[in-house]
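**Q** Read in order, the letters of the sequence shown correspond to residues 1 to 736 in the UniProt record's numbering. Idealized CB from N, CA, C, for every residue including glycine. Got a structure here, written out as structure tokens. Questions coming.
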Amino acid sequence: MGDSPSEKGLNEGHYKQFVFLLKDGKTICRTQCLNPPAEVPRRWNLHEIVPRSRVKIHHNLPHCFLRPAAECLRDQNEWARFLSHLQKRDTVAIAKFDFFEFYILPPVEAYNFSHVRVAYRAEKQSGQKPCESVVDTAEACQFKQQSLDPTEICGNSCSMSPHEFSARNNGHMQSRDVSISEDNGVPFAKFAKSNGDHLGSVPVGRWQPCAVKRDGSLEKNYVQADPSYLQTLGQAHSGWIFGAIAELVDNSRDAKASRLDISIEIIYSKRDGKDIPMLSVIDDGHGMTHQEVVRMMCFGHKQPDANHQDHIGRFGVGFKTGAMRLGKDALVLTQTTDSRSIAFLSHSLNEGKDNLEIPIVSYCRKGQFMELDTSVQSEALAKYNLKAIKEFSPFDKYLIGEKAGLFSKKLTGTQIYIWNLDKWGSNYCLDWTAGLTGRSSFHQGDILIRSRRVRSRPGQISQKVPLDYSLRSYLEVIFLVPRMRIYVQGSLVKSRPLAKSLNNTCEANGIIMGKRVHLTLGRCQLEWEQANCGIFLYWHGRLIEAYKRVGGMVHNGAVGRGVIGVVDVSDIMDDVNGRVWVHSNKQGFQDCESYALLEEWLGKKADEYWDKNFDSLVLKKGSFLYKPDHEWVQCDKCRKWRMLSSGFDSKNLPAEWFCYMEPFEGSCETPEQKVERGVITVSAKRSGYGCRDVEDDATLTSEGDSDENFDQTKKGSRQALKRIRKGVSRACKNAV
């Protein structure tokens with residue numbers, strides 16, 4: 001019995017069992033085992049490392065050998081450090097199981113770390129199933145993309161033979177070239193060096209991906225994610241930072257949340273030694289299980305087969321792109337009725353690492369308490385991840401407990417905290433105001449883009465577009481049919497369903513590539529005063545493009561002034577073959593045939609409305625305001641929208657209104673008037689509240705209306721106003 005495997009054993013390729021070595025739940029290295037027991041556990045969590053003199057290891061004990069099968073340079077370095085530690089101190093690493101005890105002995109030859117001898121005691125008859133290791137398979141390899149199948153080797157990694165690794169650590173390779181050699185038909189990546197290594201060090205080299213055959217099976221390549229990829233993800237919203245916040249709002253809506261709080265608060269960071277701002281996004285949705293948190297942290301997932309009209313998320317990158325645009329570090333605290341999980345996506349934690357590490361700690365409910373869920377992680381791994389979170393974030397056990405206490409009122413929900421916020425020069429990209437205390441409607445809290453820059457749109461001349469730099473203004477219209485109560489800096493955002501508040505509305509129907517489109521035209525005084533116009537395009541009920549100019553609006557700033565459009569294009573912009581025509585950042589649409597035809601049709605109808613109705617639009621002097629054709633109010637209990645009776649002043653409504661109150665005086669069980677799918681609503685002068693939905697009892701044109709039967713629906717005696725092609729007349733200016 002020698003201290004090294006025989007040459008015959010090496011050449012026979014008996015390395016068929018992969019073993020993961022771990023210490024305190026942290027992976028040391030993946031290895032291959034020569035002459036393993038009949039059924040050897042595949043994950044060895046080293047319980048202790050003791051001096052060899054304290055361990056009585058009989059020379060007749062059976063033994064096996066381990067050699068490194070590292071998946072990245074970091075693991076290769078850890079393997080060398082681990083064996084160097086054993087050899088220098090003459091210690092033994094022990095891994096205990098119910099029916100096995102493994103003793104990893106120190107290497108006999110100094111600096112020869114190509115393999116290591118392992119003695120073991122088997123306390124169970126062969127053929128019986130041994131117990132599993134303390135560390136769970138999924139957690140041991142989490143976010144390292146490590147495969148536990150012996151036929152699967154992670155991309156960006158290849159194994160080296162024991163001879164090659166020994167030569168590498170003894171300085172026998174003389175060049176920096178990388179070549180591929182074969183050992184019994186199995187290719188290995190050779191890494192050369194130009195100078196000798198010191199104790200425990202491994203030459204720096206780049207592991208090359210390879211796909212090789214071993215025992216007739218094709219090995220697979222997997223992706224290794226460098227931490228710098230987090231910065232790349234954030235660039236998806238480089239043009240507009242509110243797009244990043246919208247991604248987090250979408251997730252809350254998909255989770256069926258009824259309330260969403262967005263705020264920036266100042267918190268003390270022990271790591272930075274000062275107070276820092278932290279953005280929080282908190283909802284009361286259904287929360288996420290451990291598996292759902294892991295799925296959210298993965299870089300992309302399969303798009304859903306079913307096309308749900310009310311579901312926005314499809315690409316599996318929204319949280320990562322949104323959080324990494326807003327700041328460098330993000331912590332997620334989520335809870336379902338039976339579980340709680342903490343996840344940490346961080347630049348700070350992964351700085352200088354070769355592969356991305358994302359700690360996750362999960363708990364399960366036992367009675368009235370939350371305890372570590374050892375079915376998805378080991379206790380050691382959970383402690384290691386929790387320690388990393390506390391070290392690289394402002395969260396200690398007290399702050400985590402405080403935030404978890406927010407779940408007491410409603411048992412489920414998700415909290416997202418983002419710090420190290422993105423900078424604008426020497427300050428932050430976001431600017432925030434707390435607003436006045438109480439229910440003041442004149443000075444409410446808001447989160448602003450510091451640059452106050454208005455987004456560039458073809459043909460746009462107005463510089464008054466609050467939606468572009470005010471989060472409150474954006475969230476007022478982000479959803480076609482608002483349901484959630486959204487709070488910004490502690491004050492409620494008054495949602496403005498654009499499809500429910502137009503003046504002098506008209507409608508038309510059309511068919512684009514076999515799909516129906518319903519268009520409504522109206523007017524709004526606020527947009528006239530701010531010289532804005534354009535179409536609002538919604539996809540699955542979420543705003544994708546705002547103030548999109550079509551037709552004559554593109555070429556003349558005066559044409560279409562005050563004309564606003566609203567459309568839910570879910571049907572048109574979802575291809576029947578499963579292709580989705582909306583961008584992954586949900587801030588635009590792909591230049592496809594259906595979009596081009598939609599744009600052309602919208603321009604035609606907007607021009608027709610302008611030509612037929614401009615001469616009859618009346619702009620009275622003084623403080624006269626054009627009210628919407630119908631006013632709507634949302635019940636604070638059922639969140640359904642109810643149409644107010646004519647003549648009722650909406651200013652008389654209380655801050656919290658319910659269905660049983662005046663003027664509706666009904667019940668929450670009464671069905672809400674539904675909006676037809678594919679509705680487009682356009683107003684000529686949006687009052688700030690938007691366009692009205694097309695309801696069954698309020699449709700102004702019949703279903704059979706064609707494009708030619710496109711007429712104004714509300715006419716009355718009004719002072720005519722001459723058409724102006726090249727600007728606004730003095731009379732028109734005075735009217736405003």
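#1: Which residue from G557, F658, F369 puts its Cα closest to that of Q335?
#2: Which ranges would you report for the alpha helix (DSSP H) in the region 365–397 if only whole runs of at least 4 residues count?
#3: Count the other C-beta atoms from every protein chain shown that fall within 10 angstroms of the C-beta of N504, then say buried if there are 16 or more, exposed otherwise.
#4: Please name the residue in R81, I57, L475 whose C-alpha comes closest to that of C29.
#5: Is D107 buried or exposed, if buried means 16 or more other CB atoms sit within 10 Å of its CB?
#6: Here's the rule: buried if 16 or more other CB atoms are within 10 angstroms of the residue's CB, otherwise exposed. What is S426?
#7: Are the beta-carbon atoms of G510 and W601 separated by less than 8 Å?
#8: Is any heavy atom of the ligand SAH found at a distance shorter than 7 Å from the C-beta of I264?
#9: Measuring only the C-alpha atoms, how far is T337 from E371?
#10: Could you tell me which residues DSSP puts in a beta bridge with D446?
#11: With DSSP as the reference, label V559 as helix, strand or coil.
#12: Could you tell me the distance, in whole angstroms, from the CA atom of Y660 to the CA atom of I312?
#13: For I342 and V317, what's the separation of their Cα atoms in angstroms?
#14: Taking DSSP as the reference, what is the three-state secondary structure of L581?
#15: The alpha helix (DSSP H) with R336 in it runs from where to where?
#16: Under the three-state reduction of DSSP, which class applies to A499: helix, strand or coil?
#17: Can you grab the Cα-Cα spacing for the pair A38 / L46, in whole Å?
#18: Indicate whether W528 and G562 have their beta-carbon atoms separated by less than 8 Å.
#19: Between L86 and the rest of its own chain, which residues show a CB-CB distance below 6 Å, the 5 nearest in sequence each way excluded?
#20: Which runs of the alpha helix (DSSP H) fall wholly inside the region 35–89 and span at least 4 residues, in chain order?
#21: Please state the DSSP three-state secondary structure of V465.
#22: Below 8 Å, can you find three or more Cβ-Cβ pairs linking the region 110–125 to the region 58–76?
#23: Counting C-beta neighbours from all protein chains within 10 Å, is the total for S456 16 or more, i.e. buried, or is it exposed?
#24: At a cut of 8 Å, does the region 371–387 reach the region 412–427 through at least three beta carbon pairs?
#25: Sort R542, L22, Q634, A257 by Cα distance to L480 and report the nearest one.
#26: Quick test of the definition: if touching needs 3 or more C-beta pairs under 8 Å, does the region 261–275 touch the region 325–335?
#27: According to DSSP, is Y660 part of a helix, a strand, or is it coil?
#28: Taking Cβ positions, are L537 and V493 nearer each other than 8 Å?
#29: Which first and last residues belong to the alpha helix (DSSP H) in which H347 is found?
#30: Which residues does DSSP list as the beta-bridge partners of N427?
#31: Per the contact definition of three or more C-beta pairs closer than 8 Å, is the region 576–588 in contact with the region 240–259?
#32: Would you kindly check if the distance between the Cβ of A244 and the Cβ of G285 is under 8 Å?
#33: Along the beta strand (DSSP E) that carries A655, what are the first and last residues, could you check?
#34: Out of curiosity, what's the CA-to-CA distance linking R450 and W424?
#35: Less than 6 Å between C-beta atoms, sequence neighbours within five positions excluded: which residues of the same chain meet that for N35?
#36: Relative to the alpha-carbon of F395, which residue among D649, H630, E109, F344 has its alpha-carbon at the smallest distance?
**A** Let me spell this out:
#1: Position 335 of the sequence shown holds residue 335. Here the closest residue by C-alpha is F369.
#2: You should have 379–391.
#3: Taking the first residue of the sequence shown as 1, we reach residue 504 at position 504. Result: buried.
#4: Taking the sequence shown and counting its residues from 1, the one referred to as residue 29 is at position 29. Measuring from the Cα of C29, the nearest candidate turns out to be R81.
#5: Against the sequence shown, residue 107 aligns to sequence position 107. With the sequence shown as reference, residue 107 is identified as Pro, and Asp is not the correct amino acid for it. By the 10 Å Cβ count, P107 comes out buried.
#6: On the sequence shown, position 426 is the one that residue 426 refers to. With fewer than 16 other Cβ atoms from the protein chains shown falling within 10 Å of its own Cβ, S426 counts as exposed.
#7: To locate residue 510, count along the sequence shown from 1; it is residue 510. To locate residue 601, count along the sequence shown from 1; it is residue 601. The beta carbons of G510 and W601 sit closer together than 8 Å.
#8: The model on display carries no ligand, and the ligand SAH is accordingly not part of it.
#9: For the purposes of this step, residue 337 is taken as residue 337 along the sequence shown, with counting starting at 1. For the purposes of this step, residue 371 is taken as residue 371 along the sequence shown, with counting starting at 1. In this structure, the alpha-carbon of T337 lies about 13 Å from that of E371.
#10: Taking the sequence shown and counting its residues from 1, the one referred to as residue 446 is at position 446. In DSSP, D446 forms a bridge with T433.
#11: Along the sequence shown, read from residue 1 onward, the residue named residue 559 stands at position 559. The three-state secondary structure of V559, taken from DSSP, is coil.
#12: For this step, residue 660 is matched to residue 660 along the sequence shown. For this step, residue 312 is matched to residue 312 along the sequence shown. If I take the Cα positions, the gap works out to 32 Å.
#13: In the sequence shown, counting from the first residue as 1, residue 342 sits at position 342. In the sequence shown, counting from the first residue as 1, residue 317 sits at position 317. Their Cα atoms are separated by approximately 19 Å.
#14: Looking up residue 581 in the sequence shown gives position 581. A small fix is needed here, since residue 581 is Trp in this sequence, not Leu. Coil.
#15: In the sequence shown, counting from the first residue as 1, residue 336 sits at position 336. Sequence check: residue 336 is Thr here, not Arg. According to the DSSP assignment, T336 belongs to no alpha helix (DSSP H), since it is labelled neither H nor E.
#16: Looking up residue 499 in the sequence shown gives position 499. It is helical.
#17: For this step, residue 38 is matched to residue 38 along the sequence shown. For this step, residue 46 is matched to residue 46 along the sequence shown. The straight-line gap separating the alpha-carbon atoms of A38 and L46 is approximately 21 Å.
#18: Locating residue 528 in the sequence shown gives position 528, where the first residue counts as 1. Locating residue 562 in the sequence shown gives position 562, where the first residue counts as 1. Yes, the Cβ-Cβ distance between W528 and G562 is below 8 Å.
#19: Indexing the sequence shown from 1 puts residue 86 at position 86. Only residues of its own chain outside the window of five on either side were considered, and among them P106 have a CB closer than 6 Å to the CB of L86, listed in chain order.
#20: Complete alpha helix (DSSP H) runs here, min 4: 73–89.
#21: Within the sequence shown, residue 465 is the residue found at index 465, counting from 1. Coil.
#22: Judged by Cβ distances under 8 Å, the region 110–125 makes contact with the region 58–76, as three or more pairs qualify.
#23: By 1-based counting over the sequence shown, the position of residue 456 is 456. Under this definition S456 is an exposed residue.
#24: Too few Cβ pairs lie closer than 8 Å, so no.
#25: Translated into positions along the sequence shown, residue 480 becomes position 480. Closest option to L480, Cα to Cα, is R542.
#26: Taking 8 Å as the limit for Cβ pairs, the verdict is that the region 325–335 does not touch the region 261–275.
#27: Start at 1 with the first residue of the sequence shown, and residue 660 comes out as number 660. It is coil, neither helix nor strand.
#28: Residue numbering aside, residue 537 sits at position 537 when the sequence shown is read from its first letter. Residue numbering aside, residue 493 sits at position 493 when the sequence shown is read from its first letter. No, they are not a contact pair.
#29: Mapped onto the sequence shown, residue 347 falls at position 347. Counting along the chain, the alpha helix (DSSP H) containing H347 begins and ends at 347–350.
#30: Here residue 427 refers to the residue found at position 427 when the sequence shown is read from its first residue. W424, per the DSSP bridge assignment.
#31: Yes: the two stretches touch, three or more of their Cβ pairs being nearer than 8 Å.
#32: Position 285 of the sequence shown holds residue 285. Position 244 of the sequence shown holds residue 244. Against a cut-off of 8 Å, the Cβ pair of A244 and G285 comes out as no contact.
#33: Against the sequence shown, residue 655 aligns to sequence position 655. Note, A655: premise wrong, no beta strand (DSSP E); not H, not E.
#34: Counting from one through the sequence shown, the residue named residue 450 turns up at place 450. Counting from one through the sequence shown, the residue named residue 424 turns up at place 424. Approximately 8 Å, taken between the alpha carbons.
#35: Taking the sequence shown and counting its residues from 1, one reaches residue 35 at position 35. C64.
#36: Translated into the one-based positions of the sequence shown, residue 395 becomes position 395. The residue among D649, H630, E109, F344 with its C-alpha nearest the C-alpha of F395 is F344.
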